[in-house]
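In my numbering, the protein residues as written are 211 to 286.
Quick look at the structure:
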């Protein structure tokens, strides 16, 4: 994972608009805010509420979706 610094103000506004993803051409990119990203490409959960939500999602039934199902969910 490489950090990217965004300097263009319009792009910053889009990223900060609370939409779950951005689209560039036909490609869609999921936005995920992180407090800290180490060089080992591993995200460390530091917020207790976020940890609770992630653990609940992991404990729940999470079926593997097909590529078509994912595309349908993203509207592409």
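We put the beta carbon where it would ideally sit given N, CA and C, even for glycine.
Please name the residue or residues paired with residue i in a DSSP beta bridge.
| i | result |
| --- | --- |
| residue 274 | In DSSP, residue 274 forms no bridge with anything. |
| residue 222 | Answer by DSSP bridge pairing: none, since residue 222 is not bridged. |
What are the boundary residues of the alpha helix (DSSP H) that includes residue i?
| i | result |
| --- | --- |
| residue 242 | Counting along the chain, residue 242 falls outside any alpha helix (DSSP H), and DSSP gives it neither H nor E. |
| residue 260 | 258 to 269 |
I'd like to check one pair, residue j with residue i: are the Cβ atoms closer than 9 Å?
| i | j | result |
| --- | --- | --- |
| residue 245 | residue 236 | no |
| residue 242 | residue 232 | no |
Please list the terminal residues of the continuous beta strand (DSSP E) segment that includes residue i.
| i | result |
| --- | --- |
| residue 216 | Looking at the DSSP string, residue 216 is not in any beta strand (DSSP E), and its letter there is neither H nor E. |
| residue 234 | 231 to 234 |
Find the nearest neighbour of residue i within the set the options, judged by alpha-carbon distance.
| i | options | result |
| --- | --- | --- |
| residue 285 | 221, 220, 230, 219 | 230 |
| residue 281 | 219, 238, 217, 273 | 238 |
Does the beta carbon of residue i sit closer than 9 Å to a beta carbon anywhere in chain D?
| i | result |
| --- | --- |
| residue 264 | The structure shown contains no chain D; it is built from a single protein chain. |
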